[in-house]
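A quick write-up on the structure given underneath.
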Amino acid sequence: MNKIKAEKMRQRGAVLITLIVAMVITALAGSAMLYYSTTSAYGELFANRQERAYYVAESGANYALREFVLNKVTNGPFPAATEFTVGNDKFVVKTYDKPTDSTHLIIESTGIVGSGWLTTRQLVTRDILKTTATPPGIPPITTDTSGVPLGFNANGTTQPDGNPLDSTWTLATGTTTDEAYVNDNGDLEFKTREAAIVLNADIVSLCNAWVNNGNYSSYFLQVKIKNNKNSDKYYMHGISFRVKDIAAKNSYGLSFYKHDNQKYKEDWCANLDWCENDSFPKKVVNNGKIYAILWKRVNGVASLLAYTQMKTDTFSYGVTNADGTELIDWSTLLIRVNERSDGNHLKAYVQSIPTNGTYPQGTVHWNISSFKQITWTGTCNASSCSSTTPFTEVIDTDTRFSSSNLCTCSAVDTCIANRPEIGIHAFYDNDGKGAQLFDDFSMAVQGTSGGGSQY
Numbered sequence: 011m012n013k014i015k016a017e018k019m020r021q022r023g024a025v026l027i028t029l030i031v032a033m034v035i036t037a038l039a040g041s042a043m044l045y046y047s048t049t050s051a052y053g054e055l056f057a058n059r060q061e062r063a064y065y066v067a068e069s070g071a072n073y074a075l076r077e078f079v080l081n082k083v084t085n086g087p088f089p090a091a092t093e094f095t096v097g098n099d100k101f102v103v104k105t106y107d108k109p110t111d112s113t114h115l116i117i118e119s120t121g122i123v124g125s126g127w128l129t130t131r132q133l134v135t136r137d138i139l140k141t142t143a144t145p146p147g148i149p150p151i152t153t154d155t156s157g158v159p160l161g162f163n164a165n166g167t168t169q170p171d172g173n174p175l176d177s178t179w180t181l182a183t184g185t186t187t188d189e190a191y192v193n194d195n196g197d198l199e200f201k202t203r204e205a206a207i208v209l210n211a212d213i214v215s216l217c218n219a220w221v222n223n224g225n226y227s228s229y230f231l232q233v234k235i236k237n238n239k240n241s242d243k244y245y246m247h248g249i250s251f252r253v254k255d256i257a258a259k260n261s262y263g264l265s266f267y268k269h270d271n272q273k274y275k276e277d278w279c280a281n282l283d284w285c286e287n288d289s290f291p292k293k294v295v296n297n298g299k300i301y302a303i304l305w306k307r308v309n310g311v312a313s314l315l316a317y318t319q320m321k322t323d324t325f326s327y328g329v330t331n332a333d334g335t336e337l338i339d340w341s342t343l344l345i346r347v348n349e350r351s352d353g354n355h356l357k358a359y360v361q362s363i364p365t366n367g368t369y370p371q372g373t374v375h376w377n378i379s380s381f382k383q384i385t386w387t388g389t390c391n392a393s394s395c396s397s398t399t400p401f402t403e404v405i406d407t408d409t410r411f412s413s414s415n416l417c418t419c420s421a422v423d424t425c426i427a428n429r430p431e432i433g434i435h436a437f438y439d440n441d442g443k444g445a446q447l448f449d450d451f452s453m454a455v456q457g458t459s460g461g462g463s464q465y
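Quick note: to get the working numbering, add 10 to the position in the sequence shown (first position is 1).
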């Protein structure tokens, strides 16, 4: 009996010890969980504060940039560090000339969130070329490596090879210096039925923007156009983009287009199924009126993406004469290329030089509200075209026209462009020599300042 009682006592003792051990382990585990939970909470708090401080710093940098654009003073608007309060947060901005190059302005903005030991700071630094500084939200103008904005002969010199264009540009394969040159007025002039120039992308580098933008290439592109003759019969000229090769046989095009419904033999027209007059239905009404057309070429074979007439009985884009048959001198074409994961999102705009001179030759505007957005009234696929519900955006999912492989990068900030990307084209009737003039070509690229937002 005593043995049984002793055995029970031993069992109770073991259970008690087990309970005590379990309680200790539970307490330790609880302490650890509390520690990790607290650490996680603080980590999340600091991460949120860092992100907020960054955006506060960005706001300060944008404010300093805006003030500089409005008042371009030496050393910028804040030569001494200046603090501003934004709600419960602050930013401190300072501007100064770049020590090694006074043509550049350095903007430093520090975002400050919180106080005491929870204070979080983030510094944002921008290097701005003074001559091409643009307001916040407007992509900066693209320049060559010396900081000169795009231009047909911006450096005012003739290249050693005799090319009358500056080194920013290359004549497309099949175009000669007799067919494309800069005239005495500084305008690019074409003297052939088919000619094109393409960007030397290794001189005007789009690679940094491409890298900053997650290997997507988005930009605005515009040029003013003049037909230096009357009673032209047919033409298609404008801006090229997503140019894949030096011959510009693989590219998109946005063009002013006209055709007087006669049958022509020139190769460029005969090879377009919407151009030459024949017995098949036309993809564009060849009625001698001015149209805007959006198209692309693959291995030299063109297909039409969208089109619309510039003046009808009920609406005018203001870029033609009264009956819609002639283009107003120096009317502007502008394309917005916004690349996303699902393809190229394309919107087009036009503007003329109105009598009040709000967009005269020799100036470049980037405020989209200054332009008239094109509403397309016709669209096409591989086999046919038709009128459709009016639309303003063309989304092309053709993976051949993505910006993948635009650049090859061996290291950070060491990238080489693999193709031209942009250019200008001119197709004209047989007697249109010297009739195609281009001026005020310009480009603004998303991502060139270290990042950018979709527009």
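Think of the CB as a built atom: it goes at the ideal place given N, C-alpha and C, for glycine as much as any other residue.
In this structure, how does DSSP classify residue 46 when only helix, strand and coil are distinguished?
Here residue 46 corresponds to residue number 36 of the sequence shown, with the count starting at 1. Per-residue confidence for residue 46 stands at a pLDDT of 47, beneath the threshold of 50, marking its modelled position as unreliable; no derived number is given.
Between the alpha carbons of residue 163 and residue 219, how many angstroms are there, rounded?
For the purposes of this step, residue 163 is taken as residue 153 along the sequence shown, with counting starting at 1. For the purposes of this step, residue 219 is taken as residue 209 along the sequence shown, with counting starting at 1. Rounded to the nearest angstrom, the gap between the Cα atoms of residue 163 and residue 219 is 24 Å.
State the Cα-Cα distance for the pair residue 141 and residue 158, rounded to the nearest angstrom.
Working through the sequence shown from its first residue, we reach residue 141 at position 131. Working through the sequence shown from its first residue, we reach residue 158 at position 148. So the two alpha carbons sit approximately 9 Å from each other.
Are the stretch 398-411 and the stretch 177-196 in contact at 8 Å, needing three or more beta carbon pairs?
no
Straight-line CA distance for residue 189 to residue 417?
In the sequence shown, the residue the question calls residue 189 occupies position 179. In the sequence shown, the residue the question calls residue 417 occupies position 407. Near 30 Å, if we compare the C-alpha coordinates of residue 417 and residue 189.
Check whether chain D comes within 8 Å of residue 202, counting only Cβ atoms and requiring the distance to be less than that.
Annotation note: the requested chain D is absent from the structure, which comprises a single protein chain.
Across which residues does DSSP place residue 419 in a beta bridge pair?
For this step, residue 419 is matched to residue 409 along the sequence shown. Looking at the DSSP assignment, residue 419 forms a beta bridge with 425.
How far does the alpha helix (DSSP H) with residue 221 in it reach, from first residue to last?
Residue 221 sits at position 211 when you count from the first residue of the sequence shown. Residue 221 -> alpha helix (DSSP H) spans 217-222.
For residue 273, which of 263, 237, 353 and 297 has the nearest alpha-carbon?
Position 263 of the sequence shown holds residue 273. When only C-alpha atoms are compared, the closest one is 297.
Should the stretch 259-273 be regarded as contacting the stretch 209-219, the criterion being three or more beta carbon pairs within less than 8 Å?
Contact between the stretch 259-273 and the stretch 209-219 is not established, with fewer than three Cβ pairs separated by less than 8 Å.
Kindly confirm or deny that the stretch 173-185 and the stretch 224-233 touch, where touching means at least three C-beta pairs closer than 8 Å.
no
Please identify the residue among 134, 128, 101 and 111 whose C-alpha is closest to the C-alpha of residue 117.
Here residue 117 is taken as the residue at index 107 of the sequence shown, counted from 1. Out of 134, 128, 101 and 111, 134 has the C-alpha closest to the C-alpha of residue 117.
Between the C-alpha atoms of residue 268 and residue 221, what's the straight-line distance to the nearest angstrom?
For the purposes of this step, residue 268 is taken as the residue at position 258 of the sequence shown. For the purposes of this step, residue 221 is taken as the residue at position 211 of the sequence shown. Rounded to the nearest angstrom, the two C-alpha atoms are 39 Å apart.
In three-state terms, what does DSSP make of residue 72?
Position 62 of the sequence shown, counting from 1, holds the residue named residue 72. DSSP places residue 72 in helix when its eight states are reduced to three.
Identify, in the order they occur along the chain, each residue of the same chain with its Cβ nearer than 8 Å to the Cβ of residue 233, setting aside the five sequence neighbours on each side.
As a working mapping, residue 233 is identified with position 223 in the sequence shown. So the list reads 248, 249, 342, 343, 434, 448, 449, 450, 451 and 452, once near-sequence residues are dropped.
So which of 245, 156, 315 and 105 has the shortest CA-CA distance to residue 355?
Reading the sequence shown from its first residue, position 345 is the one you call residue 355. With distances taken between Cα atoms, residue 355 lies closest to 315.
Compare the beta carbon distance of residue 337 and residue 238 with 8 Å and say whether it is the shorter of the two.
Locating residue 337 in the sequence shown gives position 327, counting from the first residue. Locating residue 238 in the sequence shown gives position 228, counting from the first residue. It is not a contact, given that the beta carbons lie outside the stated cut-off.
Just verifying my parser: in three-state terms, what is the DSSP assignment at residue 448?
Position 438 of the sequence shown holds residue 448. Note: residue 448 maps to strand in three-state DSSP.
Which residue from 244, 197 and 152 puts its Cα closest to that of residue 210?
Within the sequence shown, the letter at position 200 stands for residue 210. Comparing Cα positions, the closest option is 152.
Are at least three pairs of beta-carbons, each pair with one atom in the stretch 98-108 and one in the stretch 63-74, less than 8 Å apart?
yes
With 16 other CB atoms within 10 Å as the buried threshold, where does residue 265 fall?
The count along the sequence shown starts at 1 and reaches residue 265 at position 255. It is buried - the Cβ of residue 265 has at least 16 other Cβ atoms within 10 Å.
In chain order, what residues of the same chain lie with their CB nearer than 8 Å to the CB of residue 90, ignoring the 5 residues before and after it?
Indexing the sequence shown from 1 puts residue 90 at position 80. Excluding sequence positions up to five before and after residue 90, its CB lies within less than 8 Å of the CB of 104, all in the same chain and listed in chain order.
Going by beta carbon distance, what residues of the same chain come within less than 6 Å of residue 52, once the five residues before and after it are set aside?
Against the sequence shown, residue 52 aligns to sequence position 42. Only weak support exists for where residue 52 lies, its pLDDT of 48 falling under 50; the value from the coordinates is given anyway. There are no such residues.
Quick one: what does DSSP say residue 349 is sitting in, helix, strand or coil?
On the sequence shown, residue 349 is found 339 positions in, with the first residue counted as 1. If DSSP states are grouped into helix, strand and coil, residue 349 belongs with the strands.
Measuring CB to CB, does residue 115 end up less than 8 Å from residue 78?
As a working mapping, residue 115 is identified with position 105 in the sequence shown. As a working mapping, residue 78 is identified with position 68 in the sequence shown. Yes, the pair counts as a contact, with Cβ atoms nearer than the cut-off.
Around the C-beta of residue 331, are 16 or more other C-beta atoms found within 10 angstroms, so that it is buried, or is it exposed?
Walking along the sequence shown from the start, residue 331 turns up at place 321. It is exposed - the Cβ of residue 331 has fewer than 16 other Cβ atoms within 10 Å.
Using the DSSP secondary-structure output, state which residues sit across from residue 276 in a beta bridge.
Residue 276 sits at position 266 when you count from the first residue of the sequence shown. Answer by DSSP bridge pairing: none, since residue 276 is not bridged.
Check residue 102 in the structure and name its three-state DSSP category.
Mapped onto the sequence shown, residue 102 falls at position 92. Per DSSP, reduced to three states, the secondary structure at residue 102 is strand.
Within this structure, are the beta carbons of residue 277 and residue 353 separated by less than 8 Å?
To locate residue 277, count along the sequence shown from 1; it is residue 267. To locate residue 353, count along the sequence shown from 1; it is residue 343. Contact flag unset, no.
Pick out the complete beta strand (DSSP E) segments inside the stretch 356-390, 3 residues or longer, and give them in chain order.
386-390
Out of 445, 136 and 205, which one is the CA nearest neighbour of residue 339?
Residue mapping note: residue 339 aligns to position 329 of the sequence shown, counting from 1. Among 445, 136 and 205, the Cα nearest to that of residue 339 is on 445.
Do you know whose CA, among 252, 317, 321 and 98, lies nearest residue 431's CA?
Stepping through the sequence shown from its first residue, residue 431 is reached at position 421. Nearest option by C-alpha distance: 252.
By Cβ distance, which residues of its chain are closer than 7 Å to residue 76, with the 5 residues on each side in sequence left out?
Numbered from its first residue, the sequence shown carries residue 76 at position 66. Excluding residues within five positions, the ones whose Cβ falls inside 7 Å are 145 and 146.
With H, G and I counted as helix, E and B as strand and the rest as coil, what does DSSP make of residue 325?
Taking the sequence shown and counting its residues from 1, one reaches residue 325 at position 315. Coil, per DSSP.
Grab the span of the beta strand (DSSP E) containing residue 83 for me, first residue to last.
Working through the sequence shown from its first residue, we reach residue 83 at position 73. That residue, residue 83, is in no beta strand (DSSP E); it is neither H nor E in DSSP.
Once DSSP output is grouped into helix, strand and coil, what is the label at residue 302?
As a working note, residue 302 is residue 292 in the sequence shown. When secondary structure is reduced to three states using DSSP, residue 302 falls in the strand class.
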